[in-house]
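In this note's numbering, the protein residues as written are 73 to 187. In this text, a Cβ means the ideal position worked out from N, Cα and C, and glycines have one as well. Working notes, beginning with the structure itself.
In structure tokens form, the structure reads like this:
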């Protein structure tokens with residue numbers, strides 16, 4: 073798994089969410105205390121938290137084996153969170169096929185390309 077996967081999926085999701093917060097559209101969602109606004113903020117926070125794990129990827133190579141396993145589990149979990157959110161827009165023109173894959177499938181593909 074490389075950082076670019078997280079950057080691409082986060083950018084895709086943010087591009088879907090950002091207009092929902094845009095006051096220029098006349099929407100008050102995201103800014104008030106109604107349930108829709110709360111749900112939008114919670115979703116955006118989940119995306120931001122899950123994408124923050126990309127910082128661990130850089131530390132993986134120099135980590136001890138036990139720590140490396142924990143990093144791998146964390147990266148896989150957070151990728152699955154983002155993947156589940158992104159797949160809500162699977163029919164969108166900007167949806168990438170990689171967003172359907174599990175983290176281990178992306179690792180396998182990356183290793184095959186490197187060989």
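- Sixteen is the threshold: when 16 or more other Cβ atoms of the shown chains lie within 10 Å of the Cβ of residue 82, as they do, the residue is buried.
- Our two residues, residue 139 and residue 106, have alpha carbons roughly 41 Å apart in a direct line.
- The Cβ atoms of residue 75 and residue 131 lie no closer than 8 Å to each other.
- Counting C-beta pairs with one atom in each stretch, the region 85-97 and the region 107-116 have three or more that are closer than 8 Å, which means they touch.
- Between residue 143 and residue 135, the beta carbon gap of about 6 Å places them in contact (Cβ cut-off 8 Å).
- Taking residue 178 as the centre and dropping the five residues before and after it, the same chain places the C-beta of 73, 77, 170 closer than 7 Å to its C-beta, in chain order.
- Secondary structure of residue 75 (DSSP, three-state): helix.
- In terms of Cα proximity to residue 145, the closest of 157, 175, 159, 84 is 175.
- For residue 120, the closest alpha carbon among the candidates 164, 165, 154 is that of 154.
- At a cut-off of 4 residues, the continuous stretches assigned as alpha helix (DSSP H) that sit fully inside the region 129-176 are 137-158.
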